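Structure record follows, encoded as structure tokens.
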Amino acid sequence: MIIYKVRHLGGGGEDLDYLYGRDDIERKAGKTRKLLEFLARVDPAMAPDKLETQAKATFLELQKCWQARNYER
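Just so we're aligned, residue 0 is where the sequence shown starts under numbering that gives the first Met the number 0, counting upward by one.
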């Protein structure tokens with residue numbers, strides 16, 4: 000009964016399997032980059048290149064820890 004309710008009444012009808020088209024992604028990425036460039040004029044830490052470098056380093060460190068099953072770090 001609970002599963003039925005969650006499947007049929009919960010979730011607000013969102014389609015969580017929706018795939019965005021390349022044009023939609025590129026348009027949003029362009030807007031995001033412009034916003035970050037604007038913010039970087041006030042706070043250099045928001046520079047898109049710096050954020051991208053930090054995101055890559057963080058992902059690679061997490062991946063390394065996950066592969067080693069080292070969840071303490």
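Glycine included, every Cβ here is placed at the ideal spot set by N, Cα and C.
Please read all numbers here as calculations on a predicted model, not as lab measurements.
Check, Outcome
"Kindly give me the distance between the Cβ atoms of residue 60 and residue 47, rounded to whole angstroms, as I take these residues to be in contact under 8 Å.", "Their Cβ separation, rounded to whole angstroms, is 20 Å, which puts residue 60 and residue 47 out of contact at 8 Å."
"If you draw a straight line from the alpha carbon of residue 21 to that of residue 42, how long is it in whole angstroms?", "30 Å"
"Could you give the DSSP three-state label for residue 29: helix, strand or coil?", "helix"
"Select from 50, 18, 13 and 14 the residue whose C-alpha is nearest the C-alpha of residue 31.", "50"
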